[in-house]
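Numbering-wise (our numbering), the sequence shown opens with residue 112 and increments by one.
Don't be surprised by glycine CBs; every beta carbon is placed ideally from N, CA and C.
This one's a predicted model, so the numbers in the text were calculated from it and none came from an experiment.
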Amino acid sequence: MKTRAVILAGGEGSRLGVLTAKRTKPAVPFAGKYRIIDFTLSNCVNSDIFDVMILAQYRPHSLIEHIGSGGPWDLNREFTGGLRIYSPYKARGASDWYLGTADAVQQNFRFIKNTSPDLVLILSGDHIYEMNYDAMVAFHMDHDAALTMATIRVPMDEASRFGVVGVQDDYTVRSFVEKPAEPPSNLANMGVYLFNTKVLNRALWEDHLSHDSSHDFGKDILPRLIRQGERVLAYPYSGYWVDVGTIDSYWQAHMDLLHDKPSINLNDRSWIIHTRTEERPPVRISRDAVVADSMISDGCVISAGARIERSVLSPGVVVHPGAIVRESIVLTDATIQSGAVIERSIIDKIVQIGENSRVGSIETSGRLNTITMIGKKSIVPQNVVIEAGAMIGTDVAESDYASDLVRGDDYIQTMRQAYEV
């Protein structure tokens with residue numbers, strides 16, 4: 112059976128705050144050296160699926176630069192499979208910005224079916240997990256399904272955040288409700304769909320003609336197919352899976368990597384997470400520096416007396432003498448000056464943290480929204496205190512700060528950004 116994978120990678124990811132101010136969610140860095148989309152792409156090639164399409168929309172530039180021709184994933188193929196990236200285009204017909212996940216696939220369906228795949232695997236580009244899609248294809252074929260959707264058990268108190276699936280003993284899906292206020296079960300939809308191509312074609316066309324549809328797989332396509340009596344199956348998945356669509360889930364997914372038995376074994380040579388990386392020198396850790404329960408990428412420099420605890424540092428991060436980083440994620444080429452303290456924060460690329468400044472706090476007294484965020488290419492001046500939960504936008508300069516204290520509910524922006532809002 113010929114399978115073509117379609118990765119939805121156009122999401123704005125507004126709940127990730129300043130991390131998606133200049134990039135789409137699947138292009139957000141993760142675990143030091145990766146991007147979020149690397150996990151879905153690697154799942155494809157590790158499952159022997161080498162025919163991959165990516166549907167992009169919101170700020171796709173860094174995503175396109177990262178993926179290139181697909182070489183790191185062995186997808187730079189010219190005639191048999193390979194990788195293609197498609198974005199919205201304006202035409203004489205109905206083509207326009209994607210209105211929803213189903214509309215994105217519908218607008219590109221003529222490209223999807225031009226190699227006559229038997230099956231179409233619809234994937235999200237913003238989930239962290241390792242999954243053998245080949246096993247899901249075998250399940251789909253063995254059960255003679257029209258559509259197979261991957262499902263996972265989640266904590267009952269979190270089930271309202273997901274599409275909830277009702278399943279019979281033979282894996283047949285009997286009900287589906289998107290993000291119910293009172294979930295009937297904790298079996299959640301993972302956003303991984305395997306369609307027979309003819310079924311997908313018909314379902315998308317019916318949805319396209321429906322004027323009251325939101326053109327979304329979870330809200331519209333799945334419920335309609337179940338009502339029509341199509342053979343929809345639930346594929347059970349029991350591994351680690353997380354939608355890193357919020358600041359808290361993004362931060363927690365990093366912390367999950369720092370356990371003695373991490374959520375995902377990035378050293379597993381049988382399931383390599385491929386990525387595009389640049390050559391960097393080895394990590395340099397000076398005498399008397401302390402690095403504990405952390406992930407440190409190539410090119411980092413940890414100076415004398417610095418402390419790194421339960422944190423993830425991307426390539427090229429420089430931590431000067433006496434600086435402290437705790438329970439934080441620091442992205443590429445950020446610099447933390449002497450005496451600065453960073454706690455429970457997310458620091459984007461090329462950020463400058465000034466001497467003796469303090470960003471975030473572990474002591475939050477049970478308050479919500481306590482992850483502090485500093486946007487790409489911003490500066491935190493020396494001796495400034497940024498309280499837990501505050502957000503600094505992108506390209507913020509010293510002159511944009513009104514005082515040496517930024518409160519926890521503040522959002523500091525440049526004059527240009529404030530005008531645009």
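| query | result |
| --- | --- |
| For F141, the three-state DSSP class (helix, strand or coil) | strand |
| Reduced DSSP category for M247 - H, G, I as helix; E, B as strand; rest coil | helix |
| Cβ-based burial, M301 [other Cβ within 10 Å; buried from 16] | buried |
| Where the beta strand (DSSP E) through D162 begins and ends | 162-167 |
| Among L258, L152, I440, K487, the one whose alpha carbon lies nearest that of R342 | L258 |
| Where I490 falls, given that 16 or more other Cβ within 10 Å makes a residue buried | buried |
| Euclidean distance between Cα positions of G486 and A256 | 46 Å |
| Rounded C-alpha distance that separates G211 from E420 | 41 Å |
| C-beta contact flag for L119 and L234 at 8 Å | yes |
| Local conformation of S125 per DSSP, three classes | helix |
| Alpha-carbon spacing of G91 relative to T505, whole angstroms | Outside the displayed range of the chain (112 to 532) lies residue 91, so it cannot be described from this structure. |
| CA-to-CA distance, E454 to P171, given in whole angstroms | 31 Å |
| Counted within 10 angstroms of its Cβ, other Cβ atoms place Q218 as buried (16 or more) or exposed | buried |
| Status (buried if at least 16 other CB within 10 Å, exposed otherwise) for H322 | exposed |
| Which residues DSSP lists as bridging P347, in chain order | T262 |
| The region 157-170 in contact with the region 185-195 per 3-pair CB rule at 8 Å | yes |
| Contact check, T481 vs V470, beta carbons under 8 Å | no |
| Cross-strand partners of L119 (DSSP beta bridge) | L166, S235 |
| Proximity below 8 Å, CB of H365 to CB of I440 | yes |
| Proximity below 8 Å, CB of A445 to CB of I461 | yes |
| Whole-angstrom C-beta distance between D331 and A213, which should lie under 8 Å | 6 Å |
| Through-space distance from S414 to I396, alpha-carbon basis | 6 Å |
| Distance, N378 Cα to M252 Cα | 32 Å |
| Other residues of its chain near F190: CB distance less than 7 Å, five sequence neighbours each side excluded | none |
| Reduced DSSP category for R203 - H, G, I as helix; E, B as strand; rest coil | Note that R203 scores a pLDDT of 48, beneath 50, so its modelled location is shaky; the value from the coordinates is reported in the next line. DSSP places R203 in coil when its eight states are reduced to three. |
| Contacting residues, own chain, Cβ-Cβ under 6 Å from V428 (five flanking each side not counted) | C411, V441, A445 |
| Residue range of the unbroken alpha helix (DSSP H) whose run includes W362 | 358-367 |
| N312 in three-state terms, based on DSSP | helix |
| Supposed contact pair T443 and Y145 - C-beta distance, whole angstroms, cut 8 Å | With a Cβ gap of about 12 Å, Y145 and T443 do not count as contacting. |
| D511 - containing beta strand (DSSP E), residue span | From DSSP, D511 is part of no beta strand (DSSP E); its letter is neither H nor E. |
| Span separating the alpha-carbon of P228 from that of V436 | 49 Å |
| Three-state class that DSSP yields for S184 in the structure shown | Just to set this straight, residue 184 is Trp in the shown sequence, not Ser. In this structure, W184 counts as helix in the three-state DSSP scheme. |
| Identity of the residues DSSP links to A403 by a beta bridge | E420 |
| Inter-stretch contact at 8 Å, needing at least 3 Cβ pairs: the region 259-270 / the region 343-360 | yes |
| Per DSSP, cross-strand counterpart(s) of L377 | Partner(s): none; L377 has no beta bridge. |
| Inter-residue spacing [alpha-carbon to alpha-carbon] between V507 and F306 | 46 Å |
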